[in-house]
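The next block holds one structure in the form of structure tokens; read it before the comments.
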Amino acid sequence: MRGDPNMELGMIGLGRMGGNMAERLRRGGHTVIGYDRDPKISDVDSMEELAQRLAKPRAVWVMVPAGEPTRQTVHSLGEILEPGDVIIDGGNSHYLDDRRHSEDLAVKGIGFVDVGVSGGVWGLQNGYALMVGGEDEHVKRLMPIFNTLKPEGEYGFVHSGPAGAGHFAKMVHNGIEYGMMQAFAEGYELLKASDVVHNVPETFRSWQEGTVIQSWLLELLNRALEEDPNLERLRGRADDSGEGRWTVQAAVDHAVPMPAISAALFARFASRQDDSPAMKVIAALRKEFGGHPVEPVA
588 MRGDPNMELG MIGLGRMGGN MAERLRRGGH TVIGYDRDPK ISDVDSMEEL
638 AQRLAKPRAV WVMVPAGEPT RQTVHSLGEI LEPGDVIIDG GNSHYLDDRR
688 HSEDLAVKGI GFVDVGVSGG VWGLQNGYAL MVGGEDEHVK RLMPIFNTLK
738 PEGEYGFVHS GPAGAGHFAK MVHNGIEYGM MQAFAEGYEL LKASDVVHNV
788 PETFRSWQEG TVIQSWLLEL LNRALEEDPN LERLRGRADD SGEGRWTVQA
838 AVDHAVPMPA ISAALFARFA SRQDDSPAMK VIAALRKEFG GHPVEPVA
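Per our numbering, numbering of the sequence shown is gapless, rising by one per residue and ending at 885.
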């Protein structure tokens, strides 16, 4: 895609994100061998077969749900792979898990790189923002993969630091996202509650150009309002993926004041008790950028 040498990569987890990332890499000229629990979309029957199909030294990207599924997958790969191979965790893992994985795998001579990935369902066409943690030698080796996944141009990639730094950066990114979404949501609810503004969707649409709040999130909100002007077809409930909680916890650990992001997280908790117009905006935005499910109105 950008003149980089083509690479061979194993991809574990071919769901909404992993499948699109594998497809973007293939379009960029790389060879991707995928494994998924769903045999209909998997190229191989097991992780062992995946490892056998890859030329050494091997690189395997893990794209499964954070937490125990990722921990189990990384542990299993550590038993299958050999010195010189490298494992990439591209899910939303906690940065402390990354540090443990890096230390455990280093004993076996296996590299570990954590990658915070942003881009949602739009990444296949537009590219993914990548926040990377790991040793320089492993990151440099994987640059052809990163260059194909990232957007065209100078932005969208950063080697944030050692193992854990990529997911820590992504965690803070998602915390900021919580705060920005909450601001749009509260503004929407106030406009709807007033008897002054009669055309709320068109008001938001007018802000898309020439204002200091113009953004991709605003564009996505306008898209949602175009499809459902009063957001009547979904409930005002918004779940949290966990990264907002981790961001607030890290703020506590480092004594960093974070009132806006904390309030945005607590607002999501409140949304599970009441059906509010502001939470309808949050739910609609999460559906637009990430394909997250929404609860329809009964």
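Even glycine gets a Cβ: it sits at the ideal position worked out from N, Cα and C.
Classify residue i as buried or exposed, calling it buried when 16 or more other Cβ atoms lie within 10 Å of its own Cβ.
i    : result
W833 : buried
N596 : It should be pointed out that residue 596 corresponds to Leu in this sequence rather than to Asn. By the neighbour-count rule (16 or more Cβ atoms within 10 Å), L596 is buried.
G678 : buried
A870 : buried
Q769 : buried
K867 : buried
R616 : A small correction: the amino acid at residue 616 is Gly; Arg does not occupy that position in the sequence shown. So G616 counts as exposed.
E655 : exposed
A780 : exposed
E669 : exposed
M594 : buried
P844 : exposed
E690 : exposed
R873 : buried
L777 : exposed
V881 : buried
N786 : exposed
N817 : exposed
G671 : exposed
A842 : exposed
V835 : buried
Find out if the Cβ-Cβ distance for the pair residue i, residue j is shorter than 8 Å.
i    : j    : result
D685 : D701 : yes
A646 : I599 : no
G740 : M608 : no
G753 : L683 : no
I667 : A642 : no
V673 : H746 : no
S863 : G823 : yes
G878 : G707 : yes
L601 : S629 : yes
H688 : V661 : yes
A825 : R855 : yes
M758 : A865 : no
H760 : S705 : yes
My understanding is that residue i touches residue j, with C-beta atoms under 8 Å, so please give their C-beta distance in whole angstroms.
i    : j    : result
G703 : P749 : In fact, because the Cβ distance is near 14 Å, the residues do not count as touching under 8 Å.
L808 : D827 : That pair is no contact at about 19 Å.
E819 : V884 : 7 Å
M730 : A756 : No, M730 and A756 are not in contact; Cβ-Cβ is about 18 Å, not under 8 Å.
V784 : T790 : 6 Å
R624 : V631 : That belief does not hold up - the Cβ atoms of R624 and V631 are roughly 12 Å apart, past 8 Å.
Shorter than 7 Å, the distance from the beta carbon of residue i to the closest heavy atom of the ligand MG, or not?
i    : result
V708 : By its list of ligands, the structure shown contains no ligand whatsoever, and the ligand MG lies outside what it can speak to.
Q.
Assess contact between the stretch 611–621 and the stretch 790–808, defined as three or more Cβ pairs (one per stretch) separated by less than 8 Å. Is contact present?
A. no
(Q) Does the stretch 765–772 come into contact with the stretch 689–701, if we say contact requires no fewer than three beta-carbon pairs (one atom in each stretch) closer than 8 Å? (A) no
Q.
As an exercise, report each continuous beta strand (DSSP E) stretch of at least 3 residues that is fully enclosed by the stretch 609–645, in chain order.
A. With a minimum length of 3 residues, the continuous beta strand (DSSP E) runs that stay inside the stretch 609–645 are 618–622.
Q | Sufficient close CB pairs (3 or more, under 8 Å) joining the stretch 703–720 to the stretch 769–783 | A | Here the stretch 703–720 makes no contact with the stretch 769–783; the two share fewer than three CB pairs at distances below 8 Å.
Q) If you pair each beta-carbon of the stretch 801–811 with each one of the stretch 848–864, do three or more pairs fall below 8 Å? A) no
Q. What residue ranges within the stretch 830–860 form continuous alpha helix (DSSP H) runs of no fewer than 4 residues, ordered along the chain?
A. The qualifying runs are 830–840 and 846–858.
Q) Which parts of the stretch 726–764 are runs of the beta strand (DSSP E), unbroken and 3 residues or longer, counting only runs that do not cross its ends? A) Entirely contained in the stretch 726–764, the beta strand (DSSP E) runs reaching 3 residues are, in chain order, 744–748.
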